[in-house]
Amino acid sequence: MAELKDVYNRRIDYARISITDRCNLRCAYCADWKSFTLKDMAKILRFEEIEKIILILLKLGISHIRLTGGEPLLRRGVVDLVRRISRFDGLKDFSMTTNGVYLRECAMPLKDAGLKRVNISLDTLDRKKFMEISTADLLGDVRRGIDAAIDAGLEPVKVNTVIIKGFNDDEIEDFTRLAIEKPIHWRFIEFMPMGRNSYWSPERFMPISAIKAKVFSLGKPLQVNIQGCGPSTDYRIGSSEGSVGFISPIEKGFCEACNRIRITADGFLRGCLHSDAHTDIKSLLREGVPEEKIEEVIRTSIYKKPKSHDIRARQGSVTNEPMAGIGG
């Protein structure tokens, strides 16, 4: 089997592919929405281009594919796209990150189409706070979407929560109780600066050690392995139905084991979420460049993947592009 490695000998086998920059929420940490400009639809990757990129990546050694956005379920025809991708040879793991608003209707069709699992972004269980952070009164839809994903068997169902001090750190125990009571795998993520976003401030940062202390106060933790290919360290709390996980890009860091690349909705390959270095793959496809040349460009771009970010040193963002522009 082919294998992709970067200059630091890290094996790269995971690609996160944004299929749209559109979203039905306006989460405060994703972008400064007053200044964020959506890309012209002509610049967004067409489905056949997404499929071509994935086929090339699989040939080169990528085996884990995640569809992201924006909100991927806003893209018309996404279930058919999932069905086609799921049949590709060499695909070991196939997942999607979603805000969950449309999962109630889409969970079973996605499962039937071949999607293996979903990650759902949810930062509060409080309706007013949900409206505050997202500008939409859709918390009930997300909660129903989580239940639909469980019922559809999109397992393990993971919920991603960015812990923002002063906003939702008082809910950590409530999130944990849901993971104890239901087969939900709740992952706590440190708040980190992205782009030129005024919502970020060091005062809103809570280190993963403080988050763990709150979670572990509810029961004895037992470290476990939950299916996935990301940087989370996972635990069951007592005899919990689900699990909790911790993702620490700042206090602990995980760059030395990073195995991922990103393809933006407009077709740029990024080796690091926190670097503005990128390679234009879409133009190569549209110009009819031979596949062998595209493979070479991708290999070279991945080989040059940055060693690490330096968020702690800079005490702020190290990229100009917001999360909404890169893909979740």
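The numbering of the sequence shown is the working numbering, which starts it at 963 and goes up by one. Idealized CB from N, CA, C, for every residue including glycine.
Of all C-beta pairs linking the region 1008-1015 to the region 1057-1068, fewer than three are shorter than 8 Å, placing the two stretches out of contact. The criterion of a C-beta distance shorter than 8 Å is not satisfied by residue 1225 and residue 1048. In the three-state DSSP reduction, residue 1086 falls in the coil class, being neither helix nor strand. Close CB contacts of residue 984 within its chain, under the 6 Å cut and outside five residues either way in sequence, are with 1032 and 1036 (chain order). Contact between residue 1159 and residue 1085 is absent: CB atoms are separated by about 15 Å, not below the 8 Å threshold.
Out of 1218, 1078 and 1101, the CA that lies nearest to the CA of residue 1054 is found in 1078. Comparing C-alpha distances from residue 1154 to each of 1026, 1013, 1124 and 1171 shows the shortest one belongs to 1124.
Here residue 1121 is buried: its Cβ has 16 or more other Cβ atoms, across all protein chains shown, within 10 Å.
When secondary structure is reduced to three states using DSSP, residue 1104 falls in the helix class.
Beta-carbon to beta-carbon, residue 1260 and residue 1231 are separated by about 6 Å, close enough to satisfy the 8 Å threshold.
Going by beta carbons, residue 1089 and residue 1126 fall outside the 8 Å limit. Between the alpha carbons of residue 1203 and residue 1118 lies a gap of roughly 11 Å.
Residue state for residue 990 is assigned as coil, using DSSP reduced to three classes.
A straight-line Cα-Cα distance of about 11 Å links residue 1215 and residue 1194.
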